[in-house]
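So the sequence lines, in the order shown, correspond to chains A and B. Heads up: the first sequence runs through residues 1 to 491, numbered per our numbering. Heads up: the second sequence runs through residues 1001 to 1066, numbered per our numbering. See structure below.
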Amino acid sequence: MSASETWRLPARAIAERVRSGRLSPAAAMESGFDGPGEHWERDVHALLSTDRDARERAAREAPRDAPLAGVPVLLKDNLCTRDHPTTCGSRILSGWRSPYDATVVRRLRQAGAVVVGKGNMDEFAMGSSTEFSAFGPTRNPYDLARVPGGSSGGPAAAVAYGLVPLALGSDTGGSVRQPAAFCGVLGLKPTYGRLSRYGLVAFGSSLDQVGVFARHVGDLAEGYRVLAGPDPFDASMREGPAPDVSGWGAGVSGIRFGWPANLWREGVDGAIVDALERAAAHLERGGATRVPFDFLPGTFAVATYYLLATAEASSNLARFDGIRYGHRHDAEDVGALYSLSRGEGFGPEVRRRILLGTYALSAGYHDEFYMKAQRARTRIAREFHEAFARCELLLLPTTPTLPFRLGEKTEDPLSMYLSDVFTIGANLAGIPGLSVPMGLTRERLPVAVQLLGPADGEPVLLRAARALECEGRTHVMSNGYEREFMWPGSR
Amino acid sequence: MLDFAATLDQLDLGDEELTALAPADAPLRSDAPDGRTLDPETATANAPEAEAGFFLVPPIVENLEP
């Protein structure tokens, strides 16, 4: 394989070549920009910022004897970086430079990875399509008329089209898993408290998790291994070492997977139901057992989430006031400065959620909305707890639909919120979730399934994902992965 | 959205506890400097208006006689 083709390699293969001196980090990085980047980026718009000097400096400084040596990584633009701006897809933070790196960014750099830039996102991670970015939408590389999902749409699309083999996003209600499903890549939301959030700009602090995108299960496992673990700068971290994911290739023999088929009896695209059946059959062929049962419908989770997440957001986003950083509208008095700066700096979806969250927390409505949602959250977490007494993982859809068209849901917030109906539960319960691509539909759109596990269940999720990846090579996923070998010229 | 939130009334939540995800024994670090300090110039570097390491704001006390 020539140097210009290295973007096709898994992250682990790039690192292995860099460690052995056969490949330079700069060549690995520029391969993605020169090849797929030249071909796709103008149409897809996955990047919010990249700076050739900064990425060349990062490539020079990357340690060469490390697990991710020379691996190019794109970061969602709500992860703080010293060498690129951090905007959260918002006008209010346009041009803002963090004085420090997020802990996960520092760990990536120590592991040899090269940060190549920042990926597009819905403003402050509020959205499911990346259409609410203040800097223009990202488009789905499989169909430019369709959305890549969101809110981490930029990183997902960049991994899908080949700019980078690994990317980080954040997942508050599905913002890693849903775009992973729409873009045909793997997306992992780890257990709450396993990846540090120090330097992740907060949205809903009891729900936010940093997540990982990859095209290969082994890369996902390596990314998780490098990133997970205690951080004294994040008081919400779980104690003790992160689970060992090195057995991701161990197969699924003896594993029981829950099959809550009541959830997709109606309202789920037929291609997704078909993918679920295929995934279940693959797991069974690998020696796993299907355990059917009914599960609480996801609409309760959506209702709970949009009260709690907005309440937390209304508090977290109070820091953007036009005084210490960000957009400022000069005014005669401080009150006017606050309201004009925030009114101009925040987009419509962020304003909507701040208003809803403030209302849910307000005197007189607090019990009816916020407290009720907190009780519902406990009920939902218990439902998962009881399910995991009967099985090691749950198999269910990532999304109810295939990638939708740009503009299709922007005027109907509830319809947009319901695209997270299968992902939100994991955030409410603090458990890990993984979206696994299951190939392409006849219309050549990505289709995916989701695996959910109990807290610290990442090892079994990765084993199941690997089983689907192996089976798929010769069956359903050949189309999905074929994409890596199609480019360029065969589109 | 508020009408949609009312669907939660269909759940019997009578004796459910409020959710608390953070462990009661949340890990605490020692109460000592950890080397993370921002000097005034760095702290105000992103400020829309700053002077000599201070954030500038409009007057917040009204009718103040000089």
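Virtual Cβ for every residue (Gly too), placed ideally from N, Cα, C.
Asked	Found
Can you check the stretch 96-161 of chain A for any beta strand (DSSP E) of at least 3 residues that lies completely inside it and give the ranges in chain order?	114-119
Any contact between the stretch 353-373 of chain A and the stretch 305-316 of chain A? By contact I mean 3 or more CB pairs, one from each, below 8 Å.	yes
Going by DSSP, which residues form a beta bridge with Lys189/A?	Gly433/A
Considering only their Cβ atoms, is the gap separating Ser205/A from Ser175/A smaller than 8 Å?	no
Residues in its own chain within less than 7 Å of Phe300/A by CB, not counting five upstream and five downstream?	Ala376, Ile380
Gly211/A bridges to which residues according to DSSP?	Gly169/A
Kindly indicate the opening and closing residues of the beta strand (DSSP E) around Leu1011/B.	Careful: Leu1011/B lies outside any beta strand (DSSP E) and carries neither H nor E.
Just the Cα atoms here: how many angstroms apart are Pro1048/B and Gly187/A?	37 Å
Name, please, each residue of chain B whose Cβ falls closer than 7 Å to the Cβ of Arg107/A.	Those do not exist, as Arg107/A stays about 16 Å from chain B at its closest Cβ, beyond 7 Å.
What is the DSSP secondary structure of Lys372/A, counted as helix, strand or coil?	helix
Are Ala448/A and Val436/A touching if we call contact CB-CB under 8 Å?	yes
Assuming Thr289/A is part of the alpha helix (DSSP H), what are its boundary residues?	Premise fails: Thr289/A lies in the beta strand (DSSP E), 289-292, not in any alpha helix (DSSP H).
For the candidate residues Thr130/A, Arg60/A, Ala288/A, whose alpha-carbon lies nearest to that of Pro25/A?	Arg60/A
Distance, Cα to Cα, Glu1041/B vs Arg109/A?	26 Å
Just tell me which of Trp259/A, Asn427/A, Asp420/A, Gly270/A has its CA closest to the CA of Leu283/A.	Trp259/A
Classify Arg483/A as helix, strand or coil using the three-state DSSP reduction.	Caution is warranted here: a pLDDT of 47 is assigned to Arg483/A, below 50, making its placement in the model unreliable, and no coordinate value can be reported.
My guess is that Trp248/A and Val212/A are in contact by the Cβ rule of under 8 Å, so how many angstroms apart are they, rounded?	Actually they do not touch by this definition, with Cβ atoms about 13 Å apart.
Compute the distance between the beta-carbons of Arg194/A and Ala125/A, then report whether it is under 8 Å.	no
Go through its chain and collect everything with a Cβ distance to Arg225/A's Cβ below 7 Å, but skip five positions before and after it.	Val245
Threshold first: 3 residues or longer. Then list the beta strand (DSSP E) segments lying entirely within the stretch 241-297 of chain A, N to C.	256-259, 289-292
Who pairs with Phe404/A in a beta bridge, going by DSSP?	Its beta-bridge partners do not exist; DSSP assigns none.
If you drop the 5 nearest sequence neighbours on each side, which residues of the same chain put their C-beta closer than 6 Å to that of Pro63/A?	Gly112
Give me the Cα-Cα distance between Glu16/A and Gly223/A, rounded to the nearest whole angstrom.	15 Å
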